[in-house]
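Protein chains in written order, with the numbering used here: chain B, 2 to 243; chain L, 6 to 345.
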Amino acid sequence: MTAVLEVNQLSRAFDALWAVRNVSFRVEAGELLGLIGPNGAGKSTLYNLIAGALKPSHGDILFAGRRVTGWRAHHVARIGLARTFQIPKPYRQLSVVENVMLTAFHHERSLPRARALAETTLADVGLSEYAGAPIATLTVGLLKRLEVARALAMRPKLVLFDEIMAGLTPAEVGSMTRLVAELPSRGITVLWVEHVLHAIMKTAHRIMVLDRGEIIADGPPGTIARDPAVVRAYLGEELNLA
Amino acid sequence: MSLAAAKRGERHAWRLPALPRRGAVSWFEVGLLIVCVALVAFELPQNLRDVIVLTFLFGGLALAWNIAGGYAGLISFGHAAFFGIGAYTSTILFVHAGVTPWIGLWLGALLSSAVGAFLAVICARLRGPFFILSTLAAAEVVRIGALNWSSLTGGPEGLSILPVASLASMVFSSKTVYAALMLAYLVICYAVTKALEASRFGYYLAAVRDDEDAAGAAGINPLLARTGAMALSAALTGLGGSLFAQYFLYLDPTFVISPDLSFQLALLPAVGGLGTAIGPVLGSLLITPLSELLRAYLGNMAAGLHLVIYSAGLIGVMLYFPSGLAGALNRLAAGGKRKP
Numbered sequence: 002m003t004a005v006l007e008v009n010q011l012s013r014a015f016d017a018l019w020a021v022r023n024v025s026f027r028v029e030a031g032e033l034l035g036l037i038g039p040n041g042a043g044k045s046t047l048y049n050l051i052a053g054a055l056k057p058s059h060g061d062i063l064f065a066g067r068r069v070t071g072w073r074a075h076h077v078a079r080i081g082l083a084r085t086f087q088i089p090k091p092y093r094q095l096s097v098v099e100n101v102m103l104t105a106f107h108h109e110r111s112l113p114r115a116r117a118l119a120e121t122t123l124a125d126v127g128l129s130e131y132a133g134a135p136i137a138t139l140t141v142g143l144l145k146r147l148e149v150a151r152a153l154a155m156r157p158k159l160v161l162f163d164e165i166m167a168g169l170t171p172a173e174v175g176s177m178t179r180l181v182a183e184l185p186s187r188g189i190t191v192l193w194v195e196h197v198l199h200a201i202m203k204t205a206h207r208i209m210v211l212d213r214g215e216i217i218a219d220g221p222p223g224t225i226a227r228d229p230a231v232v233r234a235y236l237g238e239e240l241n242l243a
Numbered sequence: 006m007s008l009a010a011a012k013r014g015e016r017h018a019w020r021l022p023a024l025p026r027r028g029a030v031s032w033f034e035v036g037l038l039i040v041c042v043a044l045v046a047f048e049l050p051q052n053l054r055d056v057i058v059l060t061f062l063f064g065g066l067a068l069a070w071n072i073a074g075g076y077a078g079l080i081s082f083g084h085a086a087f088f089g090i091g092a093y094t095s096t097i098l099f100v101h102a103g104v105t106p107w108i109g110l111w112l113g114a115l116l117s118s119a120v121g122a123f124l125a126v127i128c129a130r131l132r133g134p135f136f137i138l139s140t141l142a143a144a145e146v147v148r149i150g151a152l153n154w155s156s157l158t159g160g161p162e163g164l165s166i167l168p169v170a171s172l173a174s175m176v177f178s179s180k181t182v183y184a185a186l187m188l189a190y191l192v193i194c195y196a197v198t199k200a201l202e203a204s205r206f207g208y209y210l211a212a213v214r215d216d217e218d219a220a221g222a223a224g225i226n227p228l229l230a231r232t233g234a235m236a237l238s239a240a241l242t243g244l245g246g247s248l249f250a251q252y253f254l255y256l257d258p259t260f261v262i263s264p265d266l267s268f269q270l271a272l273l274p275a276v277g278g279l280g281t282a283i284g285p286v287l288g289s290l291l292i293t294p295l296s297e298l299l300r301a302y303l304g305n306m307a308a309g310l311h312l313v314i315y316s317a318g319l320i321g322v323m324l325y326f327p328s329g330l331a332g333a334l335n336r337l338a339a340g341g342k343r344k345p
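Here you go:
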């Protein structure tokens, strides 16, 4: 298999604190890789390092066959990396569909075609009826779905999801989980940070656990749910995945 | 049904509002253009002619400022520098080298644009008040430079264009021609703004303004977008500066590159509605005549009285129309539609 993303000995310090420390992993093409861990484990920092929002202190990042260490966000995005933000960051003065058009421009340079792609993507996440609405009228759950739509409209090679289930109703979690599960078959590799465990444990092919900036476990969901170190650091008790 | 019940019913009839499509032209705008053309065509007293010329000029300048300040979120208190660079470039070329202002004004726009781009690049890391203060300081640098480079700019004594009417020297005896010229300038700035709204670049500016991190994650280079916005805004402002020079026929750094002028250029779109095409035009249509007429009629009565009334008017607009005249107009249009 070929790796879409390869992270080698990646570290980032904020003053004396190592937010991410010697993290190494590979994401294979077509994989759906989950990343879990307690608050403050360094998940968002790791995302910011990969996506170019932060510069690493040490280490290397290879994405789509290129060494992207220290690249700026828009450069990494242009070669096929999409991300969502844990706290949604919509363009507040644009409509919902225009928000998605801005990532659709990645593939469709003309406005009408970008709008068409944006509308298709909105339908995928169930936001069609809000296409023309101003951002101020959206609830948190809808904003989360808008984040997903923006990322998917880029048709990325790899997408980094950051807690896209938070604030969603159980029914919404169900439909969003189905959407995420079929992304690999559409050629989109997924790295996914999530606290809604039943969603991620049932969907991900593999789970990594981050704690205090280091990876403490890596394996299939069934093994992770019973891993003593993971139970101690994050789960509290063994998860029943049946 | 009681009035209260009727009001409740109206509230229930509220639908999901949709934003108007960017770049679309409304009948209101077409009507406004017809009114402006009529103002040029009709015979009016000389002092009103002056007001109309300035209203159109400042309408165009406000639109130019709004490209950076409204659409890209680059609030500038230094646009008088671009105005001055445009005015001085065409005038110096004409007075010292005999280059016709018809060519000089484009060269002025080009130089303004280059300075605007340079300013955006050196202020790349500054946001909010820090950016605003830098633009203010940059304009002061330009003003002091113009004051001291006497061999080129005439320094504090200023620079005059001979008031001999001729097409080649872009000097006219009739104010109607100037009014038409300024209206043409306003229409150009308006067309550029509408085209920007409906373009990919216009969307990039909105993205960078609303959330720079999200824009970067979407593959947009924030610095490039900001630089482009400043360059375009400065070019149009420089164009207005040259036109002003041809109308006023005298330039002096303490006036054409003054902070007062910079504030005025920011004020008009703020009153009219930031980040809308119609806003700056409405701002100038309201504020420019108000300030000119107040000065003309009250300027001699009591020192500063016209400024007091002017300021009270501004405070009123900002209190009651926080999203500008354009926002108030939109609410009016939406309210009208909701009635049965």
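Glycine is no exception: its CB is placed at the ideal position from the N, C-alpha and C atoms. Since we're looking at a predicted model, the values are computed, not measured.
{"Query": "According to DSSP, residues forming a beta bridge with residue 61(B)", "Result": "9(B)"}
{"Query": "Rounded C-alpha distance that separates residue 296(L) from residue 322(L)", "Result": "14 Å"}
{"Query": "For residue 49(B), the first and last residue of its enclosing alpha helix (DSSP H)", "Result": "44–52"}
{"Query": "8 Å Cβ cutoff met for residue 201(B) and residue 195(B)", "Result": "yes"}
{"Query": "Interface partners of residue 75(B) on chain L, CB under 7 Å", "Result": "221, 224, 225, 226"}
{"Query": "Sequence-distant residues of its chain with Cβ nearer than 6 Å to residue 337(L) (five each side left out)", "Result": "none"}
{"Query": "The alpha helix (DSSP H) enclosing residue 323(L), as first and last residue numbers", "Result": "310–325"}
{"Query": "As assigned by DSSP and simplified to three states, the class of residue 342(L)", "Result": "In this prediction, residue 342(L) has a pLDDT of 49, which is less than 50 and means its spatial position is unreliable; what the coordinates show is noted afterwards. Helix, per DSSP."}
{"Query": "Inter-stretch contact at 8 Å, needing at least 3 Cβ pairs: the region 159–177 of chain L / the region 242–261 of chain L", "Result": "yes"}
{"Query": "Runs of beta strand (DSSP E) lying entirely within the region 25–87 of chain L, each at least 3 residues, in chain order", "Result": "none"}
{"Query": "Residues from the region 102–129 of chain B in contact with chain L, defined by Cβ distance under 9 Å", "Result": "102, 103, 104, 106, 107, 110, 111, 112, 115"}
{"Query": "Where residue 17(L) sits in the DSSP three-state scheme", "Result": "The pLDDT assigned to residue 17(L) is 39, lower than 50, so where the model puts this residue is not dependable, and the model offers no usable value."}
{"Query": "Three-way DSSP call (helix, strand, coil) for residue 217(L) in this model", "Result": "helix"}
{"Query": "Residue 37(B) in three-state terms, based on DSSP", "Result": "strand"}
{"Query": "Reduced DSSP secondary structure (H/G/I, E/B, other) of residue 155(B)", "Result": "coil"}
{"Query": "Residue 10(B) beta carbon less than 8 Å from that of residue 61(B)", "Result": "yes"}
{"Query": "Length of the line joining the Cα atoms of residue 31(B) and residue 220(B)", "Result": "16 Å"}
{"Query": "Pairwise C-alpha distance: residue 98(L) and residue 105(L)", "Result": "8 Å"}
{"Query": "Beta-bridge pairing of residue 193(B) - partner residues as DSSP gives them", "Result": "35(B), 162(B)"}
{"Query": "DSSP-derived helix/strand/coil call for residue 19(B)", "Result": "strand"}
{"Query": "Residue 68(B) at chain L interface by Cβ criterion, 8 Å", "Result": "no"}
{"Query": "CB contact below 8 Å: residue 23(L) versus chain B", "Result": "yes"}
{"Query": "Given residue 204(L) as reference, the closest of 66(L), 41(L), 76(L), 333(L) once Cα atoms are compared", "Result": "76(L)"}
{"Query": "Residue 133(L) at chain B interface by Cβ criterion, 8 Å", "Result": "no"}
{"Query": "Whole runs of the alpha helix (DSSP H) within the region 63–117 of chain B, excluding any shorter than 4 residues", "Result": "74–79, 97–105"}
{"Query": "Pairwise C-alpha distance: residue 327(L) and residue 317(L)", "Result": "15 Å"}
{"Query": "Same chain, Cβ closer than 7 Å to residue 273(L), neighbours up to 5 away in sequence not counted", "Result": "63, 67, 285, 288, 289, 292"}
{"Query": "Separation of residue 114(B) from residue 275(L), as counted between CA atoms", "Result": "34 Å"}
{"Query": "Residue 92(B) at chain L interface by Cβ criterion, 8 Å", "Result": "yes"}
{"Query": "DSSP beta-bridge partners of residue 256(L)", "Result": "164(L)"}
{"Query": "8 Å Cβ cutoff met for residue 145(L) and residue 28(L)", "Result": "no"}
{"Query": "Minimum C-alpha distance to residue 8(B) - residue among 144(B), 68(B), 171(B), 237(B)", "Result": "68(B)"}
{"Query": "Cutoff 8 Å: residue 333(L) Cβ touching any chain B Cβ", "Result": "no"}
{"Query": "Three-state secondary structure assigned by DSSP to residue 127(B)", "Result": "coil"}
{"Query": "Residue environment, residue 25(L), which counts as buried when at least 16 other CB atoms sit within 10 Å", "Result": "exposed"}
{"Query": "Beta carbon proximity, residue 205(L) to chain B, threshold 8 Å", "Result": "yes"}
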